[in-house]
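Visitor: Handing you this structure, nothing more for now.
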Amino acid sequence: MRVTLDQLARLRGEGTPRGITSVCSAHPVVLRAALRHGRKTGATVLIEATCNQVNHLGGYTGMQPRDFSALVESIAGEEGCPADQIVLGGDHLGPNPWRDRPADEAMAEAEKMMEAYVAAGFRKIHLDTSMGCAGEPPALDDETTAKRAVRLATIAEMTARDTGGEMPLYIIGTEVPPPGGADHVLDAIEPTAPAAARQTLAIHREMFAKAQLSDAFQRVIGIVVQPGVEFGNRNVITYQRDKADALVRILNDEPGLVFEAHSTDYQGEPPLTELVEDGFAILKVGPELTFVLREALYALDLIASDLFLDYGDRPLFNAMEAVMVDRPENWKQHYDGNDAEKRVLRHYSLSDRIRYYWTVPEARAAVKRLTAALAGKRVPLPLLWQHLPGADQFADIPLDPQELLIWRIGKSLSTYDRACRV
Numbered sequence: 257m258r259v260t261l262d263q264l265a266r267l268r269g270e271g272t273p274r275g276i277t278s279v280c281s282a283h284p285v286v287l288r289a290a291l292r293h294g295r296k297t298g299a300t301v302l303i304e305a306t307c308n309q310v311n312h313l314g315g316y317t318g319m320q321p322r323d324f325s326a327l328v329e330s331i332a333g334e335e336g337c338p339a340d341q342i343v344l345g346g347d348h349l350g351p352n353p354w355r356d357r358p359a360d361e362a363m364a365e366a367e368k369m370m371e372a373y374v375a376a377g378f379r380k381i382h383l384d385t386s387m388g389c390a391g392e393p394p395a396l397d398d399e400t401t402a403k404r405a406v407r408l409a410t411i412a413e414m415t416a417r418d419t420g421g422e423m424p425l426y427i428i429g430t431e432v433p434p435p436g437g438a439d440h441v442l443d444a445i446e447p448t449a450p451a452a453a454r455q456t457l458a459i460h461r462e463m464f465a466k467a468q469l470s471d472a473f474q475r476v477i478g479i480v481v482q483p484g485v486e487f488g489n490r491n492v493i494t495y496q497r498d499k500a501d502a503l504v505r506i507l508n509d510e511p512g513l514v515f516e517a518h519s520t521d522y523q524g525e526p527p528l529t530e531l532v533e534d535g536f537a538i539l540k541v542g543p544e545l546t547f548v549l550r551e552a553l554y555a556l557d558l559i560a561s562d563l564f565l566d567y568g569d570r571p572l573f574n575a576m577e578a579v580m581v582d583r584p585e586n587w588k589q590h591y592d593g594n595d596a597e598k599r600v601l602r603h604y605s606l607s608d609r610i611r612y613y614w615t616v617p618e619a620r621a622a623v624k625r626l627t628a629a630l631a632g633k634r635v636p637l638p639l640l641w642q643h644l645p646g647a648d649q650f651a652d653i654p655l656d657p658q659e660l661l662i663w664r665i666g667k668s669l670s671t672y673d674r675a676c677r678v
């Protein structure tokens, strides 16, 4: 039986917890891998776009919500993944992309973004209005945050009614790790204080009621909290369930809710399973999926360098290095150390900020050259053992590079799938 978002809280209450993986990526190969994996497993395919990545002005991907929706729909059709199995989500929807402007201006843009998301068919909405705008503190108080969340929920409700289809499901709460992971080596992460989570719920419930949106609040299915998981550029903090015990007990008083866990990348199956068992039923993953995509591309780059004398010495790696050095805005503020250490982080950081560069023309050309060099060629088993252990099934047969990339991403998705099925 396929588990849906609105069933998660009930299943936990019945003692049969299940989870859903939230794929947070706009890379077409990652999307294809997720949709193919969903077709094979029958699980809900939850795909989310963030406010910076996709918005009514294009975001850093250049896509508006309707473009992202169309991309997912197109790939789903090619992969044979049924439309009723797919849920589109909007992550951190609020004024964040425009927080350098006065609050009224930033919220006006956020309202336009919300309308565009819901009109494009996004039905899982994370309301995140916690950040201060120009002249405000960096983090806002709960009451101001809740009032602004209600303002955006009002737009979402009106748009859903006007455009038809199911009404939105909401996620509230904002105590999450930095997008894309932390910038420094981490020793420990403290879970959200139970009192803080309870206050967030109480104030949002009150503000929704004052705005006559109690019906919409009934469709709040989860709250974002910090379970004590995170990854930095170089290390991962895994889930310690004993530290989150007091936080988890909140759900006993909120039978209609589950927790949403951000930055669950690189946790591995045992911690992910414990998260689902404890009520963190929505597991968001993003950088891990593009990290393993990059891992597989670089392995193929090494294989082609070994196989073909005229291919060159790691031209994909060299092209990505040149692109990132020439355009440092997406990594410079996040990577520390000397020049050699920064070079390593540009390519291998767990935050995987190289993911911002795959759409650059030079990068696209280098990937195209790599895949053309290997398409239909036979890769000897020892080369796969050397550069991509575990990929034995691709040895000594005509290679389809995209199939290998999808396989590698699918390995990570399978880990999540097993954890979600407990």
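Whatever position you read off the sequence shown (first residue = 1), add 256 for the numbering used here.
Even glycine gets a Cβ: it sits at the ideal position worked out from N, Cα and C.
(1) So, R307 versus P353, is the Cβ gap smaller than 8 Å?
(2) With H, G and I counted as helix, E and B as strand and the rest as coil, what does DSSP make of L539?
(3) In whole angstroms, what separates the C-alpha of R357 from that of H603?
(4) Ordered along the chain, which non-local residues of its own chain (more than five positions away) have a Cβ less than 7 Å from that of M463?
(5) Compare the C-alpha of T448 against each of K466, A500, A631 and name the closest.
(6) Run the CB neighbour count on R379, radius 10 Å, all protein chains shown included, and call it buried at 16 or more, exposed below.
(7) From G388 to A362, what does the alpha carbon distance come to, in whole angstroms?
(8) By Cβ distance, which residues of its chain are closer than 7 Å to G436, with the 5 residues on each side in sequence left out?
(9) Closest to F487 by CA distance: which of S605, L291, R461 is it?
(10) Determine the contact status of G346 and Y316, defining contact as a CB-CB distance below 8 Å.
(11) Identify whether L380 lies in helix, strand or coil by the three-state DSSP scheme.
(12) Look up C280 in the DSSP assignment and give the residues it is bridged to.
(13) Between D498 and I459, how many whole angstroms is the CB-CB distance? I'm expecting something under 8 Å.
(14) Evaluate the contact criterion for the stretch 543–560 versus the stretch 296–307: three or more CB pairs, one atom per stretch, below 8 Å.
(15) According to DSSP, what are the bridge partners of P654?
(16) Going by the CB atoms, is the gap between V286 and L469 shorter than 8 Å?
(17) Any idea what DSSP makes of H348, helix, strand or coil?
(18) For T627 and Y522, I'd like the C-alpha separation in whole angstroms.
(19) Just verifying my parser: in three-state terms, what is the DSSP assignment at M319?
(20) If you check the beta carbons only, do G512 and A265 fall under 8 Å apart?
(21) Count the CB pairs spanning the stretch 671–678 and the stretch 648–655 that are closer than 8 Å, and state whether there are at least three.
(22) Run through DSSP, which three-state label would M387 get?
Guide: Checking against the coordinates, here is how it stands:
(1) Looking at the sequence provided, one finds Cys at residue 307 rather than Arg. Closer than 8 Å, so yes.
(2) strand
(3) Rounded to whole angstroms, R357 to H603 spans 33 Å at the Cα level.
(4) A402, K403, V406
(5) Taking only the C-alpha atoms, the option nearest T448 is A500.
(6) buried
(7) 10 Å
(8) Confidence at G436 is low in this model, with a pLDDT of 48, below 50, so its placement is unreliable and the value that follows should be read with caution. Here the set comprises P543, S607, R609.
(9) Each of S605, L291, R461 was checked against the Cα of F487, and the nearest Cα belongs to S605.
(10) no
(11) A quick correction: the sequence has Lys, not Leu, at residue 380. DSSP places K380 in strand when its eight states are reduced to three.
(12) E304
(13) About 29 Å separates the two Cβ atoms, so there is no contact after all.
(14) no
(15) R634
(16) no
(17) strand
(18) 27 Å
(19) strand
(20) yes
(21) no
(22) strand
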